[in-house]
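Converting from the sequence shown to our numbering requires adding 12 to each position, the first position being numbered 1. Where a beta carbon is used, it is the ideal one built from N, C-alpha and C, also for glycine. Report on one structure; see the data block that follows.
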Amino acid sequence: MHHGGIVAVIGERPLKKVTPDVLAGWGRARAPLLLLDRVSNANNVGAIVRTAAFFGVNAIIVADHPAQALPGEAAWRVAEGGMEFVDFYRVPALAELCAELKRHHFLIGTSLTGQQLSPSAVKARGLPRTPAIILGNEEKGIAPALAALCDRLVKIPGADSVESLNVSAAAA
13 MHHGGIVAVI GERPLKKVTP DVLAGWGRAR APLLLLDRVS NANNVGAIVR TAAFFGVNAI
73 IVADHPAQAL PGEAAWRVAE GGMEFVDFYR VPALAELCAE LKRHHFLIGT SLTGQQLSPS
133 AVKARGLPRT PAIILGNEEK GIAPALAALC DRLVKIPGAD SVESLNVSAA AA
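So, in structure tokens, the structure goes:
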């Protein structure tokens, strides 16, 4: 594509902080949340953002952890417009935030050892609070401390020919 002589330099959008007001706002709005625990591949982060934007999830929370990929150039490219509709929040530790979130949100963690639960089963039973879904690292999954805080651990059922989905496919 020819740029026609127009060039733009865009500053990186800063990650937001989770404050008591932000937590209260999420609770009042019953906003579904997505938490990423050390998802290390920026392309996966971008694909997750696009999925989140598609489904109307406008807040993604990440920990201030060196293994966590942030919304940089690769993530923006893969998100293909989705990044404009999703705000990123960074917290010092996801476990501490999850303890606070449990007042208004039902924490669902993805896990290879979780209960196999189809979306239709969740819809039929309903959830007692607004969902906050935790997706883990591509190789290690969610941290044990986070898994212990979850109201439910779920496993996405499959044919068992491979152990699990890619984290961005699991998000979708």
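Pull the bridge partners of residue i from the DSSP assignment, please.
{"i": "Gly153", "result": "Asn149"}
{"i": "Val74", "result": "Leu48 and Arg102"}
{"i": "Arg164", "result": "Ile120"}
Less than 8 Å between the CB atoms is what I'm expecting for residue i and residue j, so what's the real figure, rounded?
{"i": "Thr125", "j": "Ala43", "result": "Not quite, the Cβ-Cβ distance comes to about 28 Å (not below 8 Å), so this is no contact."}
{"i": "Ile60", "j": "Ser180", "result": "5 Å"}
{"i": "Trp88", "j": "Gly58", "result": "7 Å"}
{"i": "Val98", "j": "Ala65", "result": "5 Å"}
Suppose the cutoff is 6 Å on Cβ atoms and the five residues either side in sequence are ignored; what does the same chain contact list for residue i look like?
{"i": "Ala86", "result": "Ala54 and Asn55"}
{"i": "Leu27", "result": "Phe100 and Arg102"}
{"i": "Ile145", "result": "Leu46 and Ile120"}
{"i": "Gly148", "result": "Asp49 and Ile154"}
Suppose the cutoff is 7 Å on Cβ atoms and the five residues either side in sequence are ignored; what does the same chain contact list for residue i look like?
{"i": "Cys110", "result": "Leu119, Leu158 and Leu161"}
{"i": "Glu92", "result": "Arg62"}
{"i": "Pro140", "result": "Phe118"}
{"i": "Glu175", "result": "Leu124"}
{"i": "Ala184", "result": "Thr63"}
Within the same chain, show all residues whose beta-carbon is closer than 8 Å to that of residue i, passing over the 5 residues directly before and after it, in chain order.
{"i": "Pro104", "result": "Ala75 and Asp76"}
{"i": "Gln2", "result": "Any property of residue 2 remains undetermined from this structure, which presents the chain solely from 13 to 184."}
{"i": "Ala152", "result": "Inspection of the sequence shows that residue 152 is occupied by Lys rather than by Ala. Excluding positions up to five away in sequence, the list reads Arg50."}
{"i": "Arg177", "result": "Sequence inspection shows Leu at residue 177; the Arg mentioned does not correspond to that position. Around Leu177: Ile168 and Gly170."}
**Prompt:** In chain order, which alpha helix (DSSP H) runs of at least 4 residues are fully inside the stretch 80-145?
**Reply:** 85-91, 106-113 and 131-137
**Prompt:** Is the stretch 72-90 in contact with the stretch 116-125, if contact means three or more CB pairs nearer than 8 Å?
**Reply:** no
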